[in-house]
Amino acid sequence: MATMTMLEQVPSEKPGARTVKDITTITTETSNSASEGFDTKSAVEIARIINHEDAKIAAAVKKALPEIAMAIDTVARSLRDGGRLIYVGAGSSGRIASLDASECPPTYSTSPSQVQYIMAGGPKALASASDVNEDSPEIGQRDIARRRPTRKDIVIGVSASGRTPYVIGAVEYARARGAKTAAIVCNYNTPISDVAEFTIVAEVGPEVISGSTRMKAGTAQKMILNMITTGAMTRLGYVYDNLMVNVHMKNAKLVERGIRVLMTLCGVDRDTAIRTIKSAGKSIPIAVVMLKANVDKMEAVRRLTKSDGNVRLAIDDSRLEL
1 MATMTMLEQV PSEKPGARTV KDITTITTET SNSASEGFDT KSAVEIARII NHEDAKIAAA
61 VKKALPEIAM AIDTVARSLR DGGRLIYVGA GSSGRIASLD ASECPPTYST SPSQVQYIMA
121 GGPKALASAS DVNEDSPEIG QRDIARRRPT RKDIVIGVSA SGRTPYVIGA VEYARARGAK
181 TAAIVCNYNT PISDVAEFTI VAEVGPEVIS GSTRMKAGTA QKMILNMITT GAMTRLGYVY
241 DNLMVNVHMK NAKLVERGIR VLMTLCGVDR DTAIRTIKSA GKSIPIAVVM LKANVDKMEA
301 VRRLTKSDGN VRLAIDDSRL EL
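Numbering-wise (the UniProt record's numbering), the sequence shown opens with residue 1 and increments by one.
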């Protein structure tokens, strides 16, 4: 809720400037005619209206596929060259970004430092709202500065409105330091597009609850982030065929998944798969290369090092090119 102090701190608007004050003119903040009288609807009518609106999301994301592909290759190159993917977001957008970053290590055995997130308000804002921090580009610049972005990194600002000052400040700072930059938004012609090198736009239209961008906009953002990290990790060779060969076996479910991956890819029985995984130091990529290329552990490690961890290229003993 906006306090009187916060209202008094809203800056005067320069003629022609695009600021948070004119947020009601953007699509995600406008009223949705499909949900008029929403509070008078039955439970099944509410669910039907939301479902009908959600059906529009994939089509909106589809229009952004060329830019998503650009992000996939840029992220893959950055990670291959020792750089990082750093998401910056606030509110729901930041929480969605944090989820994507946190799921990369268990899925692809990446280091937590490779895919990171910066959230307005810090980690505590993941569980409780800290929206006032969104209004400060200076805080965004300060928070990204602590990560010391370089030309090896890519910084992606995630903002449904495309106008969040915190995210804009962080992306602008990162680009000035030589980092590659992108933005993921749900409106066209937004201020962050003037700052980022390229922008992924998924215009999902007005929300069922006006301005509640955790709904269609949030779903679109989650879909896009899934595509970017899944695509980048696949391009890096952490997926073989459509299987998770870089799975990190930290619990019983993941151990079983690793065994099944080896059995499926290499056509071996369970005992052979378990024996090979043990001799590979519990590394599925090493075990796959050992069986597929018919080499010992030392040679498998050499090949994986040469291919920058790309399993398919390690089997062929060739180099990764992006």
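Heads up, the beta-carbon is just placed ideally off N, CA and C, and yes, glycines get one too.
- Residue pairing by DSSP places Gly-309 opposite no residue, since no beta bridge is assigned to it.
- Between Lys-62 and Ile-72, the alpha-carbon positions lie close to 15 Å from each other.
- Note that the stretch 110 to 129 does not touch the stretch 47 to 63; fewer than 3 beta-carbon pairs, one per stretch, sit closer than 8 Å.
- Of all C-beta pairs linking the stretch 300 to 315 to the stretch 281 to 291, three or more are shorter than 8 Å, placing the two stretches in contact.
- In the DSSP assignment, Ile-68 falls outside any beta strand (DSSP E) and within the unbroken alpha helix (DSSP H) covering 65 to 80.
- For Ala-183, the three-state secondary structure derived from DSSP is strand.
- Rounded to whole angstroms, the gap between the alpha carbons of Arg-235 and Ser-78 is 12 Å.
- Within the stretch 112 to 174, complete alpha helix (DSSP H) segments of at least 4 residues are found at 137 to 145, given in chain order.
- With a threshold of 16 other beta carbon atoms within 10 Å, Ala-43 falls short and is exposed.
- Annotation: Gly-91 is outside any beta strand (DSSP E); the continuous alpha helix (DSSP H) that includes it extends over 91 to 108.
- Val-44 carries a helical assignment under DSSP once its states are collapsed to helix, strand and coil.
- Its chain contains Ser-307, Asp-308, Gly-309, Asn-310, Val-311, Arg-312, Leu-313, Ala-314, Leu-320 as the residues whose beta carbon lies nearer than 8 Å to that of Gly-237, once the 5 sequence neighbours on both sides are disregarded; these appear in chain order.
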